[in-house]
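S.K.: Below: one structure in C-alpha cells.
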Amino acid sequence: MSAYTFHSSRPDHWVSPRPTRDPARLRAIHGPLQPLEPHSGWLSRLLARR
Numbered sequence: 116m117s118a119y120t121f122h123s124s125r126p127d128h129w130v131s132p133r134p135t136r137d138p139a140r141l142r143a144i145h146g147p148l149q150p151l152e153p154h155s156g157w158l159s160r161l162l163a164r165r
C-alpha cells in the first residue's frame, strides 16, 4: 500500500450533476427520432426480392 495520495482541485466528472436533457433542445440538435428499420413503403415491398 502506498502512502501517496492524489489531490485535485477539480471534482471528478462522475460526481458533478448532469445537465438536464430537454427533448425540444435534443430535437433541434439531432433532428427528429428515426426508426431503426428502414421505411418499408408499398414500392419497396413491391420491388423487394423474396
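Heads up: the sequence shown begins at 116 in the working numbering, then just goes up one per residue.
Each residue gets a CB set at the ideal place from its N, CA and C atoms; glycine is no exception.
As the structure is a computational prediction, the values presented were derived from the model and not from experiment.
From residue 135 to residue 117, what distance separates their C-alpha atoms?
M.R.: When rounded, the distance between both Cα atoms is 39 Å.
S.K.: With H, G and I counted as helix, E and B as strand and the rest as coil, what does DSSP make of residue 159?
M.R.: Looking at residue 159 - three-state DSSP - the assignment turns out to be helix.
S.K.: Run through DSSP, which three-state label would residue 145 get?
M.R.: Note: residue 145 maps to helix in three-state DSSP.
S.K.: Between the alpha carbons of residue 133 and residue 153, how many angstroms are there, rounded?
M.R.: Taking the straight line from one Cα to the other gives about 33 Å.
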